[in-house]
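> Residues in the sequence shown are numbered from 479 upward in steps of one, following the numbering used here.
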Amino acid sequence: MTDLIDTTEMYLRTILELEEEDIVPLRARISERLGHSGPTVSQTIGRMERDGLVVVSDDRSLELTDAGRQKAVDVMRKHRLAERLLSDVIGLVRALNAQGGPIAGTVRRLAEPVQVDPELLEQLRAAGVVPGATGQFQFSEGYVLVEMDGREDGLELPVEVAAHIFLVEARARV
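1. Give a yes or no on whether the C-beta atoms belonging to residue 493 and residue 542 are separated by under 8 Å.
2. Across the region 611 to 626 and the region 538 to 554, are there enough close Cβ pairs to call them in contact, namely three or more that are closer than 8 Å?
3. Short check: CB of residue 645 to CB of residue 584, under 8 Å?
4. Give the DSSP-derived three-state secondary structure of residue 598 in the structure shown.
5. From which residue to which residue does the beta strand (DSSP E) around residue 586 run?
6. Can you give the Cα-Cα distance for residue 486 and residue 590, rounded to whole angstroms?
7. Mind checking whether residue 532 and residue 546 have CB atoms under 8 Å apart?
8. Can you list, in chain order, the residues of its chain with a C-beta nearer than 8 Å to that of residue 551? Leave out the 5 residues immediately preceding and following it.
9. Alpha carbon to alpha carbon, what distance is there between residue 557 and residue 605?
10. Of the choices 511, 505, 607 and 640, whose alpha-carbon is the least far from that of residue 524?
11. Please name the residue, chosen from 633, 639, 513 and 517, that lies closest to residue 614 on a Cα-to-Cα basis.
12. DSSP has residue 539 in a bridge; who is on the other side?
13. Hey, residue 602 and residue 593 are a contact pair by Cβ (cut 8 Å); roughly how many whole angstroms apart?
14. List the DSSP bridge partners of residue 613.
15. I'd like to check one pair, residue 609 with residue 586: are the Cβ atoms closer than 8 Å?
Here you go:
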């Protein structure tokens, strides 16, 4: 049986995401993004280098080889197709509307980056941002204002956090 999560694919996707965000891919950035220890990241990158997927440059930045880039693009494509399935077919949307309009919806899922951060998870729980809860999500200049139904206080979340909260819009049917 294969692993449920392919670590190599996760690292390739993370390196590609860092490049897309104009952030120099370093082992430290991967460690921060994935919450893996430095030695674990170094060991995995070493294996990927041995397998011809990445090259560690003299400045310690990570460069995808042609084979690594092709695999990373394939992984990212699968990931983005899955996101489209969630949004277009199932009706799940991120709690982020860059056009500025508020989104009224029901929280359906908190993505892995939120789930693995106990402090953030507790902050969201205390504010009522839990699966099954309904509220309004309003995008504004780098953050999302979250106002959950039945709660008096709103919560401001950085866009990077809000992007990992998935909703079913009030008008959508599942």
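Glycine included, C-beta positions come from ideal geometry on N, C-alpha and C.
Let's see:
1. yes
2. no
3. Taking 8 Å as the Cβ cut-off, residue 645 and residue 584 qualify as a contacting pair.
4. In this structure, residue 598 counts as helix in the three-state DSSP scheme.
5. 581 to 588
6. So the two alpha carbons sit approximately 17 Å from each other.
7. In this structure, residue 546 lies closer than 8 Å to residue 532 by Cβ.
8. 494
9. 29 Å
10. 505
11. 633
12. 504
13. 10 Å between Cβ atoms; not a contact.
14. 583 and 626
15. yes
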